[in-house]
Each structure stands twice: as C-alpha cells, then as structure tokens.
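First up is the structure itself, then whatever we jot down about it.
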Amino acid sequence: MRVMVLGSGGREHALAARLRASPAVSDVLCAPGNGGTARVARNVPVNLEDPARVVELARAERVDFVVVGPEGPLVLGVVDALSDAGILAFGPRRVAAQLEGSKSFCKRFMRKHGVPTAAFEVFDDAAAAKRFVQESGRAWVVKADGLAAGKGVIVAGDVAETLDAIDRMLVRREFGEAGARLVLEERLRGQEVSYHIVLDGRRYRQLAAAQDHKRLGDGDRGPNTGGMGAYSPPPVVTAEVEQRILEQVVEPTVRGLVSDGLDFRGALFIGLMIDGGQPSVLEYNVRFGDPETEVLMARYGGDVLPLLLGAARGDLSEVEPRWDQPVALGVVVAAPGYPDAVQKDLPITGVDAAEQVPGVQVLHAGTSLVGDRLVSSGGRVLCVTATGTDIDEVALRAYQAVDALHFDGMQFRRDIGHHARRGGRGGPTSAT
Ligand code: AMP
Numbered sequence: 112m113r114v115m116v117l118g119s120g121g122r123e124h125a126l127a128a129r130l131r132a133s134p135a136v137s138d139v140l141c142a143p144g145n146g147g148t149a150r151v152a153r154n155v156p157v158n159l160e161d162p163a164r165v166v167e168l169a170r171a172e173r174v175d176f177v178v179v180g181p182e183g184p185l186v187l188g189v190v191d192a193l194s195d196a197g198i199l200a201f202g203p204r205r206v207a208a209q210l211e212g213s214k215s216f217c218k219r220f221m222r223k224h225g226v227p228t229a230a231f232e233v234f235d236d237a238a239a240a241k242r243f244v245q246e247s248g249r250a251w252v253v254k255a256d257g258l259a260a261g262k263g264v265i266v267a268g269d270v271a272e273t274l275d276a277i278d279r280m281l282v283r284r285e286f287g288e289a290g291a292r293l294v295l296e297e298r299l300r301g302q303e304v305s306y307h308i309v310l311d312g313r314r315y316r317q318l319a320a321a322q323d324h325k326r327l328g329d330g331d332r333g334p335n336t337g338g339m340g341a342y343s344p345p346p347v348v349t350a351e352v353e354q355r356i357l358e359q360v361v362e363p364t365v366r367g368l369v370s371d372g373l374d375f376r377g378a379l380f381i382g383l384m385i386d387g388g389q390p391s392v393l394e395y396n397v398r399f400g401d402p403e404t405e406v407l408m409a410r411y412g413g414d415v416l417p418l419l420l421g422a423a424r425g426d427l428s429e430v431e432p433r434w435d436q437p438v439a440l441g442v443v444v445a446a447p448g449y450p451d452a453v454q455k456d457l458p459i460t461g462v463d464a465a466e467q468v469p470g471v472q473v474l475h476a477g478t479s480l481v482g483d484r485l486v487s488s489g490g491r492v493l494c495v496t497a498t499g500t501d502i503d504e505v506a507l508r509a510y511q512a513v514d515a516l517h518f519d520g521m522q523f524r525r526d527i528g529h530h531a532r533r534g535g536r537g538g539p540t541s542a543t
C-alpha cells in the first residue's frame with residue numbers, strides 16, 4: 112500500500128515513521144514534509160490549501176491512502192475532495208471539521224448534546240458583546256470563531272482586558288475573518304489534558320491520555336505557544352477520572368456526531384480542563400495534537416496502520432490500541448524569537464548524537480535539508496522524544512539528548528512533565 116501523509120510538522124514525522132514500519136506499507140510519501148520526514152518518506156511539494164491539487168498529486172503518485180495531519184486542509188474539504196475521487200483518507204469531511212473550524216459551531220454542538228463545557232455567548236457585533244461584558248461585570252475568555260493559527264484565544268484578566276480583546280477581534284480585525292465572529296466563554300480553572308479518540312464514523316477507540324505544555328517558559332510562564340512539550344500518561348487522569356471522561360464527554364460526543372450525521376472518520380483531540388476530578392471540554396480539534404502525537408506514537412504498540420485505515424474505511428471493530436511503552440515524554444526545541452518572529456536557516460547539529468541516547472527519537476518539525484545540511488525552517492524545530500517505564504528516568508534521557516543538540520539561540524523548557532516528575536520543576540531553568 113502507498114500512503115501519503117499531508118503536513119510538515121513533528122506530528123507528521125511521527126506518523127510517517129510509524130507507517131514506514133508497517134509491513135503492509137510499501138511506500139510513504141510526505142507532502143510537503145520536512146528534513147526529518149525525508150529520512151523515512153519521500154517528500155513531495157504540495158499546496159495544502161488547495162484540495163484539488165492534493166487530489167491530483169495523490170493520483171499522479173498512485174497513492175492508496177492519505178493521512179491528513181493538520182486542520183487547515185480538513186476545514187477546506189480535502190477529505191471530501193479525496194473521497195469524491197475514490198481515494199481513501201484519514202480525517203473528517205469539511206462539515207465535521209467545523210468542530211475545530213468554528214468555535215460557535217463547536218460550542219453549540221456541545222450544548223445540544225450535553226457535553227460539559229464552559230458557559231458561553233456568541234457575538235458578531237462589538238457593541239452587543241461589550242454591553243454583555245459590562246452587564247456581567249467580570250472577565251471572559253475571548254475566542255475568535257475561525258481558525259487563527261492557535262492565536263485566536265485571549266484569556267482576559269479583567270473587564271477592561273475583555274473589552275480590549277473584543278475590539279481587537281471585531282473592530283480592529285487583528286485576526287482577519289477568523290475574528291469576524293467571537294465566542295465569549297467563562298474561564299475554567301484546573302489542569303489541561305489532551306484526550307484523543309479515533310472514530311470510524313460510528314465506533315471509537317480511545318488513545319492514552321496526554322498532557323501538553325502550552326507556555327513558552329518553565330513553571331508555565333510566558334506567552335502561549337503551539338506546545339513546548341508533552342508526556343503521557345498524566346497523573347491527573349486517574350482511572351476514575353478517565354471513566355468520567357469516557358462517560359460524560361466521549362460518549363455524548365460520539366452519540367452527537369452520529370445523530371447529527373457527521374460521519375466522523377479520523378482523530379478527535381478533545382482538549383479538557385480537569386478541575387477537582389471533573390472534566391470540561393475546552394475545545395475539539397479534528398486531528399491529532401502536536402506534540403501529543405509524538406508521545407502517543409512512541410507509546411503505541413504494534414502496527415499503527417490498522418487504526419488509521421480502520422477509521423477511514425469505517426471499521427475499527429478489529430482494532431484495540433495497546434500501549435507497549437509505559438511512559439513517553441517529548442521536549443520541543445524551538446527557534447530564537449518563537450512564538451513571535453522566528454529566526455530561520457540556522458544550521459542544526461547533534462541529531463545523530465541525540466539519537467544515540469537509549470529510547471530517544473528526534474522528530475523534526477521546522478527543519479529542512481539544504482543539500483545534506485540540516486537547517487531550521489520554522490518556530491518549533493525539533494521534538495526530542497524518549498520512552499521508558501519511569502517518568503523521571505525518561506525525562507533525564509530526553510534532556511540528555513536535548514543537550515547533545517545545537518543550533519544558535521535554541522529555546523526549550525526544562526520542566527516538561529513536571530506534574531508527574533518526582534523532582535517537579537527540576538533541572539536548571541529554561542533556555543540555553
Ligand atoms: P482553545 O484553542 O479553545 O483550546 O484555547 C487555547 C488555550 O486557551 C487553551 O489551551 C487554554 O489554555 C486556554 N483556554 C481556552 N478556553 C479557556 C477557558 N474557558 N478557561 C480557561 N482557559 C481557557
């Protein structure tokens with residue numbers, strides 16, 4: 112089987128590497144891929160924003176199965192285009208991708224199906240939104256309705272900040288069309304958890320829980336990022352909490368997807384807030400998380416193809432995920448300037464030395480090959496993933512590997528996994 116992975120991040124490198132290892136896969140292509148996917152797949156250029164061109168490419172390359180990594184192409188209908196052309200694809204169709212593509216669609220879905228989530232109101236008009244906030248007399252989380260590259264959420268601290276956020280979105284249009292409508296949401300407290308399920312349209316299989324670290328700096332300080340690291344399993348998800356997640360969140364979500372006729376085939380990443388053992392949904396993402404995928408793929412036992420293919424074909428009945436590696440942890444190494452204006456084209460050294468550390472794999476995100484030289488080409492550059500049985504030992508090895516890497520101005524957190532590590536926020540502080 113010829114498989115093509117769409118995307119160019121660490122998530123896609125992790126998926127492509129696992130697919131490469133499948134006995135049923137003869138070839139893996141990655142479109143457009145990065146400097147790391149080039150080692151496990153054949154990179155082919157593509158414009159991910161153009162579903163018709165993706166179909167042309169899949170046809171020209173005689174691809175049997177397409178695995179879509181990022182949300183953008185899903186929201187633009189790449190799976191609809193591929194399916195209409197008779198090409199099997201992993202990922203939801205456009206109508207279901209609105210769960211991520213539109214926060215108001217997502218919140219209304221949750222309200223309709225009784226999924227626990229923060230109270231909210233939807234506004235298109237700045238004056239009405241401001242009146243609502245002033246009457247409430249408190250701060251709200253302000254969310255751009257559409258896709259805003261992970262930047263469209265402002266967790267306001269007070270009324271004035273809430274009003275300013277409304278202006279930035281609805282009046283100054285800082286988030287473009289994505290901010291032409293907004294959702295005001297009650298602020299939730301607690302620990303965030305990333306919970307993934309894979310659906311075949313009717314059935315689901317849950318994956319292991321994971322936890323991401325969104326802030327740039329140690330101790331969860333500094334600006335929000337796409338994610339500076341992740342680990343699995345997080346201790347906040349006890350057996351009892353997981354049972355609640357399944358009963359109170361996953362079951363009503365899956366029933367809602369089925370009863371609304373959304374035929375969801377792909378990965379649903381449920382962003383949860385856990386407070387006092389009770390889960391509430393922050394958001395749905397209609398694809399695997401990044402960097403969560405890097406740690407989930409590191410833990411996943413056996414061949415990953417049947418999971419992805421079963422979802423796309425509408426039959427997961429034979430698939431039962433198992434987690435051969437008890438613990439995995441991934442440290443993201445980011446470029447100088449990240450998450451704002453990043454410096455690129457920095458030569459990267461030490462990847463082979465880092466991978467000499469037992470249980471370590473270096474997954475690439477923003478890298479490219481210039482001749483045979485590896486250089487940085489994005490904000491999040493690498494994700495160093497380690498596996499094992501004990502979180503402290505796994506963290507130690509991940510950081511040993513990070514210390515073997517070098518590019519100018521590299522930034523990373525020293526405390527990935529701190530909720531689980533016995534040393535807590537151990538190690539020297541932040542970036543080197
Ligand atoms: P979202 O894209 O909706 O997950 O929001 C991005 C980030 O903003 C989340 O990962 C949370 O850290 C934060 N956030 C979103 N909604 C809320 C909320 N209702 N209460 C507190 N924090 C939130």
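My numbering numbers the first residue of the sequence shown as 112 and each following residue consecutively.
Backbone N, C-alpha and C define an ideal beta-carbon position, used for all residues, glycine too.
It should be emphasised that the depicted structure is a prediction, and the values quoted were computed from it without experimental measurement.
Using 8 Å as the threshold, is the C-beta distance between residue i and residue j below it?
i	j	result
residue 168	residue 155	yes
residue 444	residue 384	no
residue 263	residue 494	no
residue 503	residue 533	yes
residue 390	residue 411	no
residue 341	residue 402	yes
residue 250	residue 286	no
residue 345	residue 317	no
residue 231	residue 293	no
residue 304	residue 266	no
residue 133	residue 427	no
residue 295	residue 253	yes
residue 130	residue 397	no
residue 472	residue 409	yes
residue 158	residue 476	no
residue 461	residue 454	no
residue 627	residue 312	Any answer about residue 627 is impossible in this case: the structure gives the chain only from 112 up to 543.
residue 506	residue 528	yes
residue 200	residue 177	yes
Start and end of the alpha helix (DSSP H) containing residue i?
i	result
residue 223	214-224
residue 122	121-131
residue 168	162-171
residue 510	502-515
residue 367	362-370
residue 176	Per DSSP, residue 176 belongs to no alpha helix (DSSP H); it is in the beta strand (DSSP E), 176-179.
residue 421	416-424
residue 246	237-247
residue 195	189-195
residue 135	That residue, residue 135, is in no alpha helix (DSSP H); it is neither H nor E in DSSP.
residue 463	462-465
residue 544	Residue coverage of the chain in this structure runs from 112 to 543, which leaves residue 544 outside it and unanswerable.
Quick check on the DSSP output: the beta strand (DSSP E) that includes residue i runs from which residue to which?
i	result
residue 317	315-317
residue 354	No beta strand (DSSP E) holds residue 354; the alpha helix (DSSP H) holding it covers 350-355.
residue 283	Run containing residue 283: none; DSSP gives neither H nor E here.
residue 344	Taken as a continuous stretch (DSSP letters only), residue 344 belongs to no beta strand (DSSP E), as it is neither H nor E.
residue 496	491-499
residue 200	199-201
residue 186	First-last for residue 186: 182-186, but that is the alpha helix (DSSP H), not the beta strand (DSSP E).
residue 329	First-last for residue 329: undefined, no H or E at that position.
residue 474	471-475
residue 453	Segment: none, residue 453 is in no beta strand (DSSP E) and carries neither H nor E.
residue 266	264-266
Based on the DSSP output, what are the partners of residue i in its beta bridges?
i	result
residue 480	485
residue 296	231, 252
residue 386	389
residue 273	Residue 273 is not bridged to any residue.
residue 522	445
residue 114	139, 176
residue 394	382
residue 309	316, 378
residue 440	342, 497
residue 303	384
- prompt: Counting pairs of Cβ atoms below 8 Å between the stretch 183-193 and the stretch 120-137, do you hit three or more?
  reply: Counting C-beta pairs closer than 8 Å gives fewer than three between the stretch 183-193 and the stretch 120-137, which falls short of the contact rule.
task: Mind the definition here: the stretch 213-225 touches the stretch 142-162 only if three or more C-beta pairs lie below 8 Å; say whether that holds.
output: Using a Cβ-Cβ distance cut-off of 8 Å, the stretch 213-225 and the stretch 142-162 are not in contact, since fewer than three pairs of beta carbons, one from each stretch, lie closer than that value.
task: Count the CB pairs spanning the stretch 266-281 and the stretch 228-242 that are closer than 8 Å, and state whether there are at least three.
output: They touch, by the three-pair rule.
message: With three or more beta-carbon pairs closer than 8 Å as the criterion, would you say the stretch 214-233 touches the stretch 350-368?
response: Judged by Cβ distances under 8 Å, the stretch 214-233 makes contact with the stretch 350-368, as three or more pairs qualify.
query: Would you call the stretch 434-449 and the stretch 326-342 touching, i.e. three or more CB-CB distances under 8 Å?
result: Yes, since at least three Cβ pairs between the stretch 434-449 and the stretch 326-342 fall closer than 8 Å, the two stretches touch.
Contact between the stretch 475-492 and the stretch 415-435 (3+ Cβ pairs under 8 Å): No: fewer than three Cβ pairs fall under 8 Å.
- prompt: Are the stretch 368-376 and the stretch 511-529 touching by the rule of at least three beta carbon pairs closer than 8 Å?
  reply: Touching, no, given that fewer than three Cβ pairs across the two stretches are closer than 8 Å.
message: Could you check whether the stretch 500-514 touches the stretch 157-177, counting it as contact only if at least three pairs of C-beta atoms, one from each stretch, sit closer than 8 Å?
response: No, the stretch 500-514 is not in contact with the stretch 157-177.
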